[in-house]
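Colleague: There's a structure below that I have some questions on.
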Amino acid sequence: MRYIEPHGHMVSRTTDDYRDMVTAGCACVCEPAFWAGYDRSSVHGFYDYFCQLTDYEPKRAAKFGLPHYCWLCINPKESEDVGLAKDVIGIIPQFLDRPNVLGIGEIGLNKNSRNEMQVLEMHVDLAANHNQLILVHTPHLEDKLKGTRLILDVLKSDSRIQPERVIIDHVEEHTAQLVLDRGHWAGMTLYPESKCTGARAIDIFERFGSERLWMNSACDWGVSVPLAVPHAALEMRKRQWTAEKIDSVIYGNPIRFMSQTPKFKSPA
Ligand SMILES: [Zn+2]
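Numbering-wise, the sequence shown is residues 356 to 623 according to the working numbering.
The structure is reproduced here in structure tokens:
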């Protein structure tokens with residue numbers, strides 16, 4: 356089996372996780388910028404984090420033979436402070452030329468607040484100005500449907516944004532169709548306790564098609580399973596999916612989306 360982990364917060368994982376992922380067939384990992392489990396006190400904390408994502412973490416992954424890519428932003432959870440967000444967005448362009456940066460993400464909404472919306476618009480403008488791919492986080496549980504609609508409208512209102520160059524992550528049964536109908540890609544996050552289980556993700560593939568859908572484990576500092584994608588592939592086998600079909604979803608789909616930036620080198 357070979358697969359790509361298109362959304363993994365590796366800075367919060369151990370080297371054992373890297374070893375296990377590569378052993379399971381992981382061919383490359385992509386790490387969106389995220390909340391650190393605490394609010395950073397200034398722009399300097401983000402500067403250091405962006406150095407970690409673009410310099411230190413790729414070297415750590417390389418020790419396991421694993422190519423590492425990343426996305427940059429100030430995540431929605433820390434976007435309530437618009438002044439801080441402006442400062443952070445101001446330092447991002449100096450990192451965009453680094454070889455492992457795929458685009459802007461994971462941007463989006465957390466509580467669907469007015470300040471988060473303003474910061475989302477600033478990120479979309481940044482991505483459009485620098486012709487970057489976009490990876491979007493959608494809110495949890497009861498805020499998800501409303502937040503997804505708000506995000507889709509922000510993206511639609513900027514005529515420079517090409518829908519197929521945006522992936523909306525953490526979709527579930529009630530948001531997948533909305534996202535796909537707008538021409539975007541959709542991501543499903545496999546969590547043991549919330550978001551989507553492997554079995555539910557496969558139901559979603561079988562219902563909505565697999566053309567513009569991918570799966571990820573998120574594997575962050577909270578309860579999460581770094582091998583959730585290959586575990587879901589085992590479930591696909593049980594449902595009589597062919598090896599080719601499984602490969603096209605867990606390996607081919609992330610490559611098709613990310614190859615829209617020349618920075619991404621297909622591991623094949
Ligand atoms: Zn994430």
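No residue lacks a Cβ here, since even glycine has one placed at the ideal position from N, Cα and C.
Beta carbon of residue 626, beta carbon of residue 398: below 9 Å?
Modeller: The question about residue 626 has no answer here: the residues shown for the chain are numbered 356 through 623.
Colleague: Based on the DSSP output, what are the partners of residue 385 in its beta bridges?
Modeller: Counting from 1 along the sequence shown, the entry for residue 385 is found at position 30. Looking at the DSSP assignment, residue 385 forms a beta bridge with 424.
Colleague: Do you know how far the Cα of residue 492 is from the Cα of residue 587?
Modeller: One-based indexing of the sequence shown puts residue 587 at position 232. One-based indexing of the sequence shown puts residue 492 at position 137. Computed Cα separation, rounded: 21 Å.
Colleague: Can you name, in chain order, every residue of its own chain whose Cβ lies under 8 Å from the Cβ of residue 616, other than the five neighbours on each side?
Modeller: Taking the sequence shown and counting its residues from 1, one reaches residue 616 at position 261. Around residue 616: 457, 458, 487, 488.
Colleague: Determine the direct distance from the alpha carbon of residue 514 to that of residue 474, and round the result to whole angstroms.
Modeller: The residue labelled residue 474 in the question sits at position 119 within the sequence shown. The residue labelled residue 514 in the question sits at position 159 within the sequence shown. When rounded, the distance between both Cα atoms is 18 Å.
Colleague: Rounding to the nearest angstrom, what Cα-Cα distance links residue 556 and residue 358 in this structure?
Modeller: Along the sequence shown, read from residue 1 onward, the residue named residue 556 stands at position 201. Along the sequence shown, read from residue 1 onward, the residue named residue 358 stands at position 3. Taking the straight line from one Cα to the other gives about 16 Å.
Colleague: Measuring only the C-alpha atoms, how far is residue 553 from residue 394?
Modeller: For the purposes of this step, residue 553 is taken as residue 198 along the sequence shown, with counting starting at 1. For the purposes of this step, residue 394 is taken as residue 39 along the sequence shown, with counting starting at 1. Cα-Cα distance, rounded: 31 Å.
Colleague: Inspect the beta-carbon positions of residue 575 and residue 434 and report whether they are closer than 9 Å.
Modeller: For the purposes of this step, residue 575 is taken as residue 220 along the sequence shown, with counting starting at 1. For the purposes of this step, residue 434 is taken as residue 79 along the sequence shown, with counting starting at 1. Not a contact, by the Cβ cut-off of 9 Å.
Colleague: With a threshold of 8 Å, are at least 3 pairs of Cβ atoms found where one atom belongs to the stretch 371-389 and the other to the stretch 416-434?
Modeller: Segments in contact, yes.
Colleague: Below 8 Å on the Cβ atoms is my guess for residue 455 versus residue 431; work out the distance and round it to an integer in Å.
Modeller: In the sequence shown, counting from the first residue as 1, residue 455 sits at position 100. In the sequence shown, counting from the first residue as 1, residue 431 sits at position 76. Actually they do not touch by this definition, with Cβ atoms about 23 Å apart.
Colleague: Can you give the Cα-Cα distance for residue 495 and residue 414, rounded to whole angstroms?
Modeller: For this step, residue 495 is matched to residue 140 along the sequence shown. For this step, residue 414 is matched to residue 59 along the sequence shown. So the two alpha carbons sit approximately 32 Å from each other.
Colleague: Whose CA, out of 361, 526, 613, lies closest to the CA of residue 501?
Modeller: Here residue 501 refers to the residue found at position 146 when the sequence shown is read from its first residue. Among 361, 526, 613, the Cα nearest to that of residue 501 is on 526.
Colleague: In the DSSP assignment, find the unbroken alpha helix (DSSP H) run with residue 573 in it and report its ends.
Modeller: As a working mapping, residue 573 is identified with position 218 in the sequence shown. Residue 573 -> no alpha helix (DSSP H), and no H or E assigned at all.
Colleague: Could you check if residue 579 is buried or exposed, using at least 16 other CB atoms within 10 Å of its CB as the buried criterion?
Modeller: As a position in the sequence shown, residue 579 is number 224, starting the count at 1. When all chains shown are included, residue 579 counts as buried.
Colleague: Straight-line CA distance for residue 620 to residue 613?
Modeller: Residue numbering aside, residue 620 sits at position 265 when the sequence shown is read from its first letter. Residue numbering aside, residue 613 sits at position 258 when the sequence shown is read from its first letter. Cα-Cα distance, rounded: 9 Å.
Colleague: May I have the straight-line CA-CA distance separating residue 444 from residue 485, to the nearest angstrom?
Modeller: Locating residue 444 in the sequence shown gives position 89, counting from the first residue. Locating residue 485 in the sequence shown gives position 130, counting from the first residue. Computed Cα separation, rounded: 12 Å.
Colleague: Count the other CB atoms, across all protein chains shown, that sit within 10 Å of the CB of residue 411; report buried if there are 16 or more and exposed otherwise.
Modeller: In the sequence shown, the residue the question calls residue 411 occupies position 56. By the neighbour-count rule (16 or more Cβ atoms within 10 Å), residue 411 is not buried but exposed.
Colleague: Among 490, 531, 543, 479, which one has its Cα closest to the Cα of residue 504?
Modeller: As a first step, residue 504 is located in the sequence shown; it is residue number 149 there, counting from the start. For residue 504, the nearest C-alpha among the options comes from 531.
Colleague: Is residue 362 a contact residue of ligand 1, with contact defined as CB to any heavy atom under 8 Å?
Modeller: Position 7 of the sequence shown, counted from the first residue, corresponds to residue 362. Residue 362 Cβ: within cutoff of ligand 1.
Colleague: I want to check one thing, is the minimum distance from the CB of residue 461 to the heavy atoms of ligand 1 below 8 Å?
Modeller: By 1-based counting over the sequence shown, the position of residue 461 is 106. Yes, the beta carbon of residue 461 sits closer than 8 Å to at least one heavy atom of ligand 1.
Colleague: Out of 584, 547, 521, 540, which one is the CA nearest neighbour of residue 563?
Modeller: Position 208 of the sequence shown, counted from the first residue, corresponds to residue 563. Nearest option by C-alpha distance: 540.
Colleague: Going by DSSP, what residue range makes up the alpha helix (DSSP H) through residue 586?
Modeller: For the purposes of this step, residue 586 is taken as residue 231 along the sequence shown, with counting starting at 1. Run containing residue 586: 583-593, per the alpha helix (DSSP H) assignment.
Colleague: How many Å lie between residue 577 and residue 595 at the Cα?
Modeller: Taking the first residue of the sequence shown as position 1, residue 577 is located at position 222. Taking the first residue of the sequence shown as position 1, residue 595 is located at position 240. Their backbone Cα atoms lie some 32 Å apart in a straight line.
Colleague: Mapping DSSP to helix, strand and coil, what is residue 451?
Modeller: If you number the sequence shown from 1, residue 451 lands on position 96. In this structure, residue 451 counts as coil in the three-state DSSP scheme.
Colleague: From residue 402 to residue 408, what distance separates their C-alpha atoms?
Modeller: As a first step, residue 402 is located in the sequence shown; it is residue number 47 there, counting from the start. As a first step, residue 408 is located in the sequence shown; it is residue number 53 there, counting from the start. Straight-line Cα distance between these residues: approximately 10 Å.
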